[in-house]
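So the sequences go chain by chain: A and B. Last residue of the first sequence: number 167 in numbering that gives the first Met the number 0, and the count goes up by one each step with no gaps. Last residue of the second sequence: number 167 in numbering that gives the first Met the number 0, and the count goes up by one each step with no gaps.
Number of protein chains: 2
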Amino acid sequence: MPDNPMSQSGQSLLFLTDEQLRKGIEAMFFAYRGFTADPDRILADMEYGRAHHRAIHFIHRSPGTTVNNLLSILGVTKQSLNRVLRTLIEDGLVESRVGKEDKRERHLHLTIKGAELERSLSDAQRDRMRAAYRAAGPVAVAGFRQVLEAMMDHDLRRHYDTLKDRGA
Amino acid sequence: MPDNPMSQSGQSLLFLTDEQLRKGIEAMFFAYRGFTADPDRILADMEYGRAHHRAIHFIHRSPGTTVNNLLSILGVTKQSLNRVLRTLIEDGLVESRVGKEDKRERHLHLTIKGAELERSLSDAQRDRMRAAYRAAGPVAVAGFRQVLEAMMDHDLRRHYDTLKDRGA
DNA sequence: CTTGGAATGTCAACAAGGCTGACTTATCCT
DNA sequence: AGGATAAGTCAGCCTTGTTGACATTCCAAG
């Protein structure tokens with residue numbers, strides 16, 4: 000069946016061509032813009048940016064996480080994170096509690112107000128994701144996740160997997 | 000077959016849960032970091048950044064494109080693009096030719112030197128993409144593209160489609 | 001044919017959010 | 001007691017986004 004591009008041989012030949020790979024690269028670029036567009040719009044009205052969104056997301060995801068842990072998840076420097084964290088704490092969106100076991104540590108939690116913002120940001124982002132999932136269907140979604148997971152750096156993949164199954 | 004998560008009913012119930020959507024969001028976040036990591040490493044050694052990479056990519060992709068067209072593809076202001084473009088032109092990676100029909104326009108082309116950098120950047124990025132594609136397989140790749148395409152903003156999707164099939 | 005508006009591209013100045021490096025404070029652990 | 005670790009801070013830099021003002025060119029209405 001040499002004419003059917005979906006045949007085994009056709010698949011194995013075509014999906015790794017430079018042309019296919021380049022389309023994948025451009026798809027990532029354009030899709031990521033869409034992915035961040037809705038939260039960005041919400042944040043633009045406040046004095047926050049994408050960095051605040053990321054911090055809020057992962058604090059919500061791992062309540063009580065330490066600054067150090069957040070640092071390695073986000074992959075930024077401590078100074079960068081600290082600037083963001085300081086404004087979030089000052090504005091009463093995030094609470095920093097001295098560690099009970101180890102008093103050097105600070106455990107981060109969202110306040111009610113912080114959880115509200117997290118909710119509105121993730122609602123917006125999930126709405127788009129849901130529409131994309133629905134349009135593409137469950138088989139496509141499984142493939143989407145597989146490729147993304149294979150694309151991650153080893154270290155980030157570890158963080159992703161650690162978060163992955165909590166509460167699933 | 001109520002126990003098989005891959006059954007029709009299981010699929011249609013599970014792939015749109017908030018939990019599934021949140022995992023997709025995190026997969027996008029971590030995968031995008033991997034996606035840009037290799038070109039970023041190359042660029043860090045020079046005095047360029049990700050913005051230069053994007054400009055070079057799309058000039059390579061659409062030789063002779065105007066500044067205005069590039070602007071709407073990249074979705075930045077013309078001042079932002081101009082700064083990047085100016086350094087690329089000064090360094091002899093990009094050539095800007097006054098339009099023949101409309102002298103207000105500037106048509107952009109990569110020089111030999113520019114094409115060499117483009118090559119090394121896209122080689123690095125394609126290598127990672129190829130490994131991910133190979134690991135996930137052709138069916139997953141098709142799904143990956145479907146979900147990403149459904150996630151794009153309408154305007155960006157138009158640009159993506161316009162680029163999509165040239166030379167494929 | 002000229003003149004005014006629209007379009008294209010350039011320059012100047014500023015802000016967000018990355019980065020490095022040096023340092024302090026508090027705490028833990030050997 | 002003393003080194004290692006967690007967090008926070010200050011200073012200063014770079015990239016890359018922003019807005020506003022401006023020059024050039026085109027085109028169409030008077």
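All C-beta atoms in this analysis are idealised placements derived from N, C-alpha and C, irrespective of residue type, glycine included. Remember, predicted model here, so these are calculated numbers, not experimental data.
If we cut at 7 Å on Cβ distances, does residue i have a partner in chain A?
i	result
Val146/B	yes
Ala30/B	yes
Arg49/B	no
Ala123/B	no
Leu92/B	no
Met150/B	yes
Leu15/B	yes
Ile55/B	no
Gly63/B	no
Leu107/B	no
Starting from residue i, trace the beta strand (DSSP E) in both directions and tell me its first and last residue.
i	result
Arg103/A	Premise fails: Arg103/A is in no beta strand (DSSP E) and is neither H nor E.
Taking only three categories from DSSP, how would you classify residue i?
i	result
Gly166/A	Any answer about Gly166/A is weak, because its pLDDT of 47 lies below 50 and its placement is not dependable; what the coordinates show is given next. Reduced to three states, the DSSP call for Gly166/A is coil.
Leu109/B	strand
Glu18/B	helix
Thr161/A	helix
Thr86/B	helix
Leu155/A	helix
Thr76/B	coil
Taking Cβ positions only, does residue i come closer than 7 Å to chain B?
i	result
Gly33/A	yes
Val138/A	yes
Ile41/A	no
Ser6/A	Bear in mind that a pLDDT of 47 at Ser6/A, under 50, signals an unreliable position, so the number given afterwards is only what the model happens to contain. Ser6/A does not count as touching chain B.
Might you give, ordered along the chain, the residues of its own chain that have their beta carbon closer than 6 Å to the beta carbon of residue i, omitting 5 neighbours on each side?
i	result
Arg96/B	His106
Gly63/A	His106
Leu87/A	Val93
Can you list, in chain order, the residues of its chain with a C-beta nearer than 7 Å to that of residue i? Leave out the 5 residues immediately preceding and following it.
i	result
Lys112/A	Gly91 and Leu92
Gly48/B	Leu42
Ser119/A	Ile41
Asp39/A	Arg49
Which two residues bound the contiguous alpha helix (DSSP H) that contains residue i?
i	result
Ser95/A	Ser95/A -> not in any alpha helix (DSSP H); beta strand (DSSP E) instead, spanning Val93 to Val97.
Gly142/B	Pro137 to Met150
Report all residues from its chain with a CB closer than 8 Å to the CB of residue i; omit the five preceding and five following residues, and keep chain order.
i	result
Gly136/A	none
Leu109/B	Ile55, Ile58, His59, Pro62, Leu92, Val93, Glu94 and Glu117
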